[in-house]
Amino acid sequence: MRDDKMNAGDGTISRRAALRRGLGGAGVLLAGNVLAQVAPVTRPTVLAPNVLGLPTTRPVARTAGGKAKSVIQIWMWGGPSHLDTFDPKPEAGSDYCGPLDKPIATNVDGMRICELLPLLAQQADKYSLIRSMTHGNDGHETAAYMVQTGHKPGDKLLFPSVGAVVSLFKGYDAGYKGLIPPYIVLTQPQGRFSEAGFLGPKYKPFATGGNPGAAQFAVEGIIAEGITRQRQEGRRYLLRNLDTLEHAVASDPELTASVQAEKQAYDLILGDEGKVFDLEEESDEMRLAYGRNTFGQSCLIARRLVERGFPYITINYGGWDTHSQNFQTMRQKLPQMDRGMAALLQDLADRGLLDSTIVWWSGEFGRTPKVDWQPPWNGGRGHHGRCFCAAIAGGGFKGGSVVGESDARGDAVKNRPVYPVDLIASIFEKLGIDPDGTLPNPGGATVRTTAAAAEDVPMGGRLREIM
């Protein structure tokens, strides 16, 4: 059950529910919350466009020490085919590669990727590929839980996702007091599992809803679809002129708290904080470079959130459960992914933000290497948790490398198996979060930040090759 229920389980109102109710009425009590404490944005000087069409920028100051501050997770909900993205196998024949049989070289010697990803091929020096991801689970929810938490399903505890843990250590433990939670999902929840686990509703992500590729990005509780900023300002002016009770009993503490909550709500709607979702502040050239579609504009929003200090952003990019007509879907979705992700990497690098921002691309599993040509699948691929791939960039991870290898048909790991806990522990280490530390647990038991070998969780070791 999601935390849009008003009762968070301990008698309090959940942050997400307060956001929805408080901003809808602009007057509900939100005492104790303050607006997001985010860093001001230094606007870079715009120079000439580069090969991606992005306005090239002078980098801002880089993070001292190379420690990552933020994560942008590109969550490929449904499970993308590794053979059709970052681990092509043309030599296996048409029953495996289908019509995508002409992989292209990248700007890294020896690294080839799918022919439908030409822009990412030019950015390969910025990311590394893990071609030996594995967990062996073929169920959407259970596999997603494993990739998002590093734990096996069915344990006594419901473990938190990476985003919730980062929200704890890099958000609330770091003094975050904002009304917008530090863990944001663009645009829909990631799946049917509890992202916060035993950490509780406070650490659930704020799913924005809406569509950043639309004429107006109607963010839930912040931007009302069809209502302009001018109209919102007019409503506030009218409300202030009609509400004379505030001045009559100004000493009343409950009324004072209500007035302050209303001010916070309207400051979020009309002030600088809510503007993080306003893509009208970006040039047409920049928006076009990312792609005028939901995924491309989500990538642009993610960059804006990173600029303002949000520690964890997930772009939930669905549509990869290609049991039927896989290759028709690839020809529609891969070019969008190519443009949006390549623009994100280039833009972060140009702004000096890639050193402090981890970009993590993965789904819950891969897809069966052998294509099912029979009706009703007509060229579909099934679920495949035995071997799949991930990409990792920024935040101190080396680019231009390949970790692990799949076999000749992409069916199984040939060498260097990488399990979800290996990748998660590596990400935590780059963020300055101790993978061997502990998490607060309401049951009082000692719970490690990441699983230990004694917990019977398979692991191959952290990604020292690219750290």
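This note's numbering applies: residue 796 is where the sequence shown begins, and numbers increase by one.
Quick reminder that beta carbons are idealized off the backbone N, C-alpha and C, glycines included.
If you keep only unbroken beta strand (DSSP E) runs of at least 3 residues inside the stretch 1093–1154, you get 1107–1111. Each residue's CA atom was taken as its position, placing G1191 and I1153 some 8 angstroms apart. Cβ contact annotation for A1084 (same chain, cutoff 7 angstroms, sequence separation greater than five): L847, G848, L849 and A1138, in chain order. Secondary structure note for V942: its alpha helix (DSSP H) is the uninterrupted segment H935 to T944. The Cβ atoms of D1231 and R1257 do not sit closer than 7 angstroms to each other. At the C-beta level, A1207 and C1182 come within 7 angstroms of one another. Pairing A1188 with M871, the inter-Cα distance amounts to about 16 angstroms. In the DSSP assignment, S1201 forms a beta bridge with V1208. Take G945, set aside five residues on each side of it, and the residues of its chain with a beta-carbon closer than 6 angstroms to its own are P1215, V1216, I1219, T1245 and A1246, in chain order.
Take A916, set aside five residues on each side of it, and the residues of its chain with a beta-carbon closer than 8 angstroms to its own are I899, A900, T901, N902 and I908, in chain order.
DSSP links S1157 through a beta bridge to W870. Spatial neighbours of G1113 in its own chain (CB-CB distance under 7 angstroms, excluding positions within 5 residues in sequence) are listed in chain order as W872 and G873.
Fewer than three pairs of CB atoms, one per stretch, sit closer than 8 angstroms, so the stretch 1143–1151 makes no contact with the stretch 1160–1173. The straight-line gap separating the alpha-carbon atoms of Y967 and P977 is approximately 8 angstroms.
With a beta-carbon spacing of about 5 angstroms, A1097 and I867 fall inside the 8 angstroms limit used to define contacts. By a beta-carbon distance limit of 8 angstroms, P1106 contacts S962. Their separation comes to about 7 angstroms.
According to DSSP, residue pairing for H1179 in a beta bridge involves G1161.
DSSP places S927 inside the beta strand (DSSP E), whose first and last residues are Y922 to M928.
Approximately 6 angstroms separates the beta-carbon atoms of L1100 and I979; this is inside 8 angstroms, confirming the contact. As computed with DSSP, D1167 is found in a beta bridge with G1175. For V980, the enclosing beta strand (DSSP E) starts and ends at Y978 to L981. Annotation: L1226 to G1104 spans about 14 angstroms, alpha carbon to alpha carbon. The residue from P1007, M1132, Q1011 and T1117 with its alpha-carbon nearest to that of Q983 is P1007.
Nearest to G995 by alpha-carbon distance, out of Y971, V960, Q1011 and F1012, is V960. An exposed status is given to M1262, since fewer than 16 other beta-carbon atoms sit within 10 Å of its beta-carbon. Note that the C-beta distance between L911 and L1129 is below 7 angstroms. According to the DSSP assignment, G931 belongs to no alpha helix (DSSP H), since it is labelled neither H nor E. DSSP, reduced to helix, strand and coil, places L963 within a helical segment of the structure shown.
Residue burial is scored here from C-beta neighbours: A1203 has fewer than 16 other C-beta atoms within 10 angstroms and is therefore classed as exposed. When DSSP reads this structure, A900 sits in a beta bridge with R907.
Each of F993, E1224 and G905 was checked against the Cα of P1237, and the nearest Cα belongs to F993. In terms of CA proximity to I1110, C1094 leads the group H1118, C1094, Q1120 and Q1123. Assignment of A919 by DSSP, reduced to helix, strand and coil, places it in the helix class. Secondary-structure assignment with DSSP links S865 through a beta bridge to T1152. Note that the C-beta distance between S927 and R1211 is below 7 angstroms. The closest CA to that of K1193, considering only E990, D1251 and E1260, is found on E1260.
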